[in-house]
Amino acid sequence: MMFLLRHLFFFVLQFAGVTAAVVIGCVAWTLNDRGMSYAETLAFRADLKFWTLIGMVVAGFFCLVLLCYHLTHKALDDPSDPDNGPWRY
């Protein structure tokens, strides 16, 4: 059970980190392009909502790839393989 909770925590942490990285990158790029005065407009708030949505979609795909990798890695491990030992987990 602890194994599942640990992986779930790290997936949530990675999802939040990727979302924040995408949103911060888009905000920095836009404010560099349009100037700091653009941050006080309603158009910037609308853009921020859109970037948050894009960030969550990108993070969702990233976490899906990680989940598929972990499931495939776990399924390919053979317990009788001498290279697999307790040090790998």
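Counting in the working numbering, the sequence shown runs from 677 upward without gaps.
Here a beta-carbon is modelled for each residue, glycine too, at the ideal position from N, C-alpha and C.
These numbers were taken from a predicted model, which means no experiment stands behind them.
**Prompt:** How is the alpha helix (DSSP H) around residue 706 delimited, first residue to last?
**Reply:** 678-710
**Request:** Please classify residue 715: is it buried, with 16 or more other beta-carbons within 10 angstroms of its beta-carbon, or exposed?
**Result:** exposed
**Item:** Environment of residue 741 [buried if 16+ CB atoms lie within 10 Å]
**Value:** exposed
**Message:** I'd like to know whether the C-beta atoms of residue 687 and residue 739 end up nearer to each other than 8 Å.
**Reply:** yes
**Asked** residue 747 to residue 710, Cα distance in whole Å?
**Response** 44 Å
**Asked** Which whole-angstrom value is the C-beta distance of residue 698 and residue 731, which I expect to be below 8 Å?
**Response** 4 Å
**Item:** Proximity to residue 706 [Cα-Cα], best of 691, 677, 695 and 727
**Value:** Among 691, 677, 695 and 727, the Cα nearest to that of residue 706 is on 727.
**Message:** Taking the straight line between their C-alpha atoms, what separation do you get for residue 744 and residue 708?
**Reply:** Those two C-alpha atoms are separated by around 37 Å.
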